[in-house]
Every structure is written in C-alpha cells, then in structure tokens.
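> Just so you know, the sequences run in chain order F and E. For the first sequence, position 18 matches number 18 in full-length UniProt numbering, and the numbering has no gaps at all. For the second sequence, position 158 matches number 158 in full-length UniProt numbering, and the numbering has no gaps at all.
Number of protein chains: 2
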Amino acid sequence: MDIDKILDKIYPIRTLSKLKLIECFKEVRHPKNHVIIHSDKVEKDVYFIKKGIARTFSDFLDGEVTIAFGEEGDTIISLKSYILNQSGYENIELLEDCELYKISVAKLQDLFSTDIHIANWGRKFAEQELIKAEQRFISNQLGTATERYLELLKKHPTLLQRVSLGLIASYLGITQVSLSRIRANIK
Amino acid sequence: MDIDKILDKIYPIRTLSKLKLIECFKEVRHPKNHVIIHSDKVEKDVYFIKKGIARTFSDFLDGEVTIAFGEEGDTIISLKSYILNQSGYENIELLEDCELYKISVAKLQDLFSTDIHIANWGRKFAEQELIKAEQRFISNQLGTATERYLELLKKHPTLLQRVSLGLIASYLGITQVSLSRIRANIK
DNA sequence: AGAAAAATTTAACAAATGATAAAAAACGAT
DNA sequence: ATCGTTTTTTATCATTTGTTAAATTTTTCT
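1) Let's test the definition: count the other Cβ atoms within 10 Å of the Cβ of E:Ile36 and tell me whether it reaches 16, buried, or not, exposed.
2) Using three-state DSSP, classify F:Asp74 as helix, strand or coil.
3) Please classify E:Val46: is it buried, with 16 or more other beta-carbons within 10 angstroms of its beta-carbon, or exposed?
4) What does the Cβ neighbour count give for E:Thr56, buried or exposed, with the cut at 16 atoms within 10 Å?
5) When DSSP labels each residue in this structure, what does F:Val35 get in the three-state scheme?
6) Note down, in chain order, each residue of its chain lying with its Cβ closer than 7 Å to the Cβ of F:Asn85, except the 5 sequence neighbours on either side.
7) With three or more C-beta pairs closer than 8 Å as the rule, is the segment 130-150 of chain E touching the segment 172-185 of chain E?
8) Name the residues in the segment 48-74 of chain E whose C-beta lies less than 8 Å from a C-beta of chain F; which are they?
9) Which of the residues in the segment 136-155 of chain E, read from start to end, lie with their CB under 9 Å from any CB of chain F?
10) Would you say E:Glu127 reaches chain F, if we count a Cβ-Cβ gap shorter than 7 Å as a contact?
11) Does chain E have any CB closer than 7 Å to the CB of F:Arg29?
12) Given that E:Glu93 touches chain F, what residues does it touch there, using C-beta distances under 7 Å?
13) For F:Ser164 and F:Glu90, which I take to be in contact (beta-carbon distance under 8 Å), what is that distance rounded to the nearest angstrom?
14) Taking 7 Å as the CB-CB limit, is residue 192 of chain E close to chain F?
15) Give me whichever residues DSSP pairs with F:Asn91 in a beta bridge.
16) What residues in the segment 75-92 of chain F have a beta carbon less than 9 Å from any beta carbon of chain E?
17) List the whole-angstrom C-beta distance separating E:Leu108 from E:Gly122, where the pair is believed to meet the contact cut-off of C-beta under 8 Å.
18) I'd like to know whether the C-beta of E:Val169 is nearer than 7 Å to at least one C-beta of chain F.
19) So is E:Arg123 in contact with chain F if we call contact Cβ pairs under 7 Å?
20) Threshold first: 4 residues or longer. Then list the alpha helix (DSSP H) segments lying entirely within the segment 114-176 of chain E, N to C.
21) So, for F:Phe25: in the same chain, excluding its five sequence neighbours on each side, which residues have a beta-carbon less than 6 Å away from its beta-carbon?
22) Run through chain E and tell me which residues come within less than 8 Å of F:Gly166, C-beta to C-beta.
23) Does F:Asn120 get closer than 7 Å to chain E when you measure Cβ to Cβ?
24) Output, in chain order, the set of chain F residues within a Cβ distance shorter than 7 Å of E:Ile116.
25) Would the segment 110-119 of chain F and the segment 66-83 of chain F be scored as touching if the rule is three or more Cβ pairs under 8 Å?
26) Between E:Ile67 and F:Ile67, which are expected to be in contact by the criterion C-beta below 8 Å, what is the C-beta distance as a whole number of angstroms?
27) Under the three-state reduction of DSSP, which class applies to F:Ile13: helix, strand or coil?
28) Mind checking E:Asn140: buried by the 16 CB within 10 Å criterion, or exposed?
29) Residues of chain E with CB closer than 7 Å to the CB of F:Phe25, please, in chain order.
30) Following the continuous alpha helix (DSSP H) through F:Lys80, name the residue where it begins and the one where it ends.
31) For residue 189 of chain E, which of E:Gly63, E:Phe69 and E:Ala106 has the nearest alpha-carbon?
Shown next as structure tokens:
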C-alpha cells in the first residue's frame, strides 16, 4: 500500500499539505525478525507498513504480551516515544521482510505546529488508533478464549497463515498450549 | 477540577485560543445513576468531569464489560460519535452526582478546523486517551486476576470506596463472586 | 532429500475462575 | 429506627485455563 493511500485512509488531507508531508517520508526495508522498536529506547522515527506484517509486544517477568498485529497500511510506532518522548513499553518486531515508510517524530511535530491540515491529520491518526485500541480491549474482555479466537480469525482471516500460534495465543491472553487445545475442540 | 486546569493537563494551549475554547463550554449537573451516553445513539456532546465519577461500559448478550472509570478531570465521551459520527459501543453512567463541563462535538470540530492550537490540543487529547487505552489493554492481559486487582487499587486507591465490587469485577474481566473470593484470599 | 530446529499437538494433572444458591452485611427510603 | 433492597461473602461443584512433558508435524537449512 503506497504512502498516499495510507495517509488518505487515515484522513484525507488537502493536496498541498499532503505533498509537504509525503516528501518527508523515506522508504526503507528491513528483514524478517528485525526488532525495529525497542521498549527501553526513545524511538526517533515512526513507520508505516507498505508491505509486510509486524507485531507489537511488551516484555514482562513471566513472558510477553502481544498488544497488536500490524498489516499493510498500519503503523509501527512507540506510542510513548511519539506522544511523551519517553522510552516505552512496546517492542515491535517484523514477522516478514518489510517495506516501510519512515518519518521522524521531530519532523512530524514540526509539521503539526505549522500546518493546521497536517495537525488535523495527526489528530485523526491518534483518534483512529484510539478506536482500535478500545475495540481490542473490549474484545479481549469478552467471552471465552474460544470466542475471542474465532472473532480474531473473522477479523483478520489471513493472520493465521502469517503468524505463529504462540503469538496469537499471547495476543488472546492465553498460553500456546491452551490455544492448540481450543483449536482441536473447534474442528 | 475546573476547566482551565483540565484543558492544561491535557496540553497547554496559548491563552487566546484557550479562551476561545473555554467560552464554548457550559456547566451542567446530573444526578447519580444518570446514563449520559447511550451506545445506540450518535451523541452530540462531549463532557469533562469537574466533580464526580463515571463508568464506561458495553452491553452484550451475556452481560456488561466495564471499559473504564472516569474521575475528576477525565472525559465522558462516545468515541464512535466523537470520531466517526456513528452510534457506538459505549454507555456511560454517572456513579455519583456530577458536575460536568459540556461542549458539542460540532463546535469542537469547527474549532479544530480553524485554530491550529486547538487542533493540536485535540490531537494531544486523543493521544493521551490512546496511551491510557493501551495501558489498560496491557494491564488486563497480564498476570492473574489477583494481580490485576491489586494493581488497580494501587493506581486508583479511592476507587473501591466509590464503586461497587461488581463493577470493578467487570472491569477486571471476572465475575463479582470471583472478585469477592480473591479479596478474601488477600487478607 | 535429509538432518536439525522450530512449531504444534496431545495428554495428565493442578490451579484459577465460572455458575448457582444461600447467608450475611451494608445501604436507603420512609 | 426499621423494613426492604442491594451488595458482598461464603460454599459447592463444574468448566476453563495453566503447567509440564513428550510425541508429532512442519519448517528451515545444507
């Protein structure tokens, strides 16, 4: 998905401002398994996925929590770096070879403070992410793990072909073994 | 908490724009148990809590999911109405008699499109909510219900005095009876 | 193709949570 | 203050999920 379409999907910007914004992106590639965002660093850049898939996760004493999966058009971003200029709680790793669009947080903030159309695009960007985050919370609060698994499959039908079972389990808040058992019971 | 402080806590706005924004708020009161946001309606207004406490929840076939509690300074908002102009999934009820600041979504959007400082305030508002939503997701994914309960208490020490056990349980994703049992085991 | 590594399944038992019901305690309206 | 309502606790049993370990399947690398 090219950058023009990605930006428009979030919120259409008038042409002049959009060109100003697009011109600040740089295309980069990274291989599968590359960890592109680190929880212990203040990350200087934000990425949009042109091609590939990524996983956001937090590390804890007793393992990992997968927070989200990102596919084409989605963002690779350390929220705490982007919003608070602090090191965060998220790591992000690429689950496939990826083509990404990259822009610096500083450049974005500069544009936000000088161009009202870009500022409103940035507002819409945060708002869309907010809706997604709230829906993730509700879904994972609801029903049994079986129901949550089925709903995830319905919402992201291709995910299972692209992502290992253990990662999906950690997204659902259960163990990999439990998810395997659940799948056995569905068939 | 008065509106000036509430706005500044989200993001300091330059004085002239802040006055423009504050002037659009109206103070209203509603009694305990009033349902101020309905999931089946496109809500026209957004509220900030001057005094009191509120609960955001979704209704489902097999009961309710509490999404968040809001205290002084927090927002009472239908995200889907605010962001997408659609009816949503959230209901919000007041758990105490409340004093609120109210502004229309339309007026806010008008200000966003004409005043870059207010647009950036709106961006920061969404961003702060996004951080909170992500942290809620992570917390509720992590550890046992006991740990999540203790963490909630640590983060919102007064909540237990203000909110019934059943509501806290539905926030933690467990039943009220389970939470009662958990509390018995802690002591 | 074949060996090594990684991912998934299966199984058995333990621990946590759900469901239901009844008792006790706290709260509210008159 | 007291009666009626709501909330919380306690108890029992069923279900779900966790833990561990081993077997099986799939993937990766040469």
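For each residue, glycine too, the CB sits at the ideal point set by N, CA and C.
Taking the geometry as given:
1) buried
2) coil
3) buried
4) buried
5) strand
6) Val42
7) yes
8) Ser58, Phe60, Asp62, Val65 and Ile67
9) Arg136, Phe137, Ile138, Asn140, Gln141, Leu142 and Gly143
10) yes
11) no
12) By Cβ distance, chain F contributes nothing, its closest Cβ being about 17 Å from E:Glu93, past 7 Å.
13) Wrong, their Cβ atoms sit about 19 Å apart, outside the cutoff.
14) Nothing in the structure corresponds to residue 192 of chain E, since chain E is present only between 1 and 187.
15) F:Phe57
16) Leu79, Lys80, Tyr82, Ile83, Leu84, Tyr89 and Glu90
17) 7 Å
18) Before going further, note that residue 169 of chain E is Ala rather than Val in the sequence given. With 7 Å as the cut-off, E:Ala169 does not count as an interface residue toward chain F.
19) yes
20) 116-141, 145-155, 159-162 and 165-172
21) Ile3, Tyr101 and Ile103
22) What F:Gly166 touches in chain E: nothing, since even the nearest Cβ is about 15 Å away.
23) yes
24) Ile116 and Ala119
25) no
26) Actually they are not in contact, since the Cβ atoms of E:Ile67 and F:Ile67 sit about 17 Å apart, beyond 8 Å.
27) coil
28) buried
29) The premise fails here: F:Phe25 is roughly 19 Å from chain E at the closest Cβ pair, so nothing lies under 7 Å.
30) Leu79 to Leu84
31) Lying outside 1 to 187, the shown extent of chain E, residue 189 of chain E is not represented and no answer is given.
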